[in-house]
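K.L.:
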Amino acid sequence: MGVDRDGFWGLVDAAREQVDDTVVDPDGVADALIKELGGLSAEEIVGFGVQFELLLSQAYRWDLWGAAYLLNGGMGDDSFDHFRGWLVAQGREVWEAALADPDSLADVVDEDLEDTTELFDGEAVLAVGAEAYSAVAGSEKAFWAAVDAGTPDSPDVPAGEEFDFDDKGELESRFPRLAALYLEV
1 MGVDRDGFWG LVDAAREQVD DTVVDPDGVA DALIKELGGL SAEEIVGFGV
51 QFELLLSQAY RWDLWGAAYL LNGGMGDDSF DHFRGWLVAQ GREVWEAALA
101 DPDSLADVVD EDLEDTTELF DGEAVLAVGA EAYSAVAGSE KAFWAAVDAG
151 TPDSPDVPAG EEFDFDDKGE LESRFPRLAA LYLEV
């Protein structure tokens with residue numbers, strides 16, 4: 001398929017270099033990433049999409065969802081998808097640290113951010129492969145069909161141990177640094 005995991009992150013890094021603050025501007029990363037992908041073949045863009053879907057599945061976890069819930073003051077299914085898009089826009093180092101320990105996101109976010117309800121939302125990042133493919137090959141539908149053919153089915157439920165996101169004690173225990181920044185007591 002042309003783009004492996006390292007190639008995926010290389011493209012994300014190239015896009016990130018074009019944005020002043022990826023934490024507050026994941027849409028800027030999305031726009032830059034579409035431009036980066038525009039220089040690739042349709043097959044390579046599909047390879048990027050396959051890697052993206054594999055990463056999104058890898059991050060479909062209760063612990064990461066709990067951290068995202070805490071950051072955003074709540075979060076449903078679609079919003080968690082958008083959060084994972086935002087997380088991709090933060091780059092490989094932040095991604096890997098967050099998967100190893102979701103509380104590490106305290107190193108990335110700023111408690112002084114004014115409106116967190118829209119901040120950690122990378123919905124536009126989720127569509128970059130389809131948009132770039134459409135520009136190169138003319139069909140978003142064909143992109144998604146090719147990506148689906150190259151990836152296993154996404155999990156139906158998040159991995160790991162489910163817990164109550166509304167239990168402040170549980171959040172403080174699991175995410176002490178994020179709780180200190182974002183949990184209203």
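Numbering (the UniProt record's numbering), first residue to last: 1 to 185. Glycine is no exception: its CB is placed at the ideal position from the N, C-alpha and C atoms. Since this is a predicted model, take the numbers as computed values, not measurements.
1) With DSSP as the reference, label residue 127 as helix, strand or coil.
2) Can you say whether residue 5 is buried or exposed, counting buried as having 16 or more other CB atoms within 10 angstroms of its CB?
3) So, is residue 131 buried or exposed, given that buried needs 16 or more other C-beta atoms within 10 angstroms?
4) Confirm, please, whether the CB-CB distance from residue 27 to residue 127 is below 8 Å.
5) In chain order, which alpha helix (DSSP H) runs of at least 4 residues are fully inside the UniProt domain "DUF4240" (4-134)?
6) What first and last residue would you give for the alpha helix (DSSP H) that runs through residue 163?
7) Could you check how far apart the C-beta atoms of residue 86 and residue 122 are, in whole angstroms? I think they sit under 8 Å.
8) Do residue 163 and residue 172 have their C-beta atoms closer together than 8 Å?
9) Compute the distance between the beta-carbons of residue 2 and residue 47, then report whether it is under 8 Å.
P.N.:
A quick look at the data gives this:
1) Coil.
2) exposed
3) By the C-beta density criterion, residue 131 is buried, having at least 16 other C-beta atoms within 10 angstroms.
4) no
5) 5-16, 26-37, 42-58, 62-72, 77-89, 92-100, 123-126
6) Careful: residue 163 lies outside any alpha helix (DSSP H) and carries neither H nor E.
7) Confirmed, about 3 Å.
8) no
9) yes
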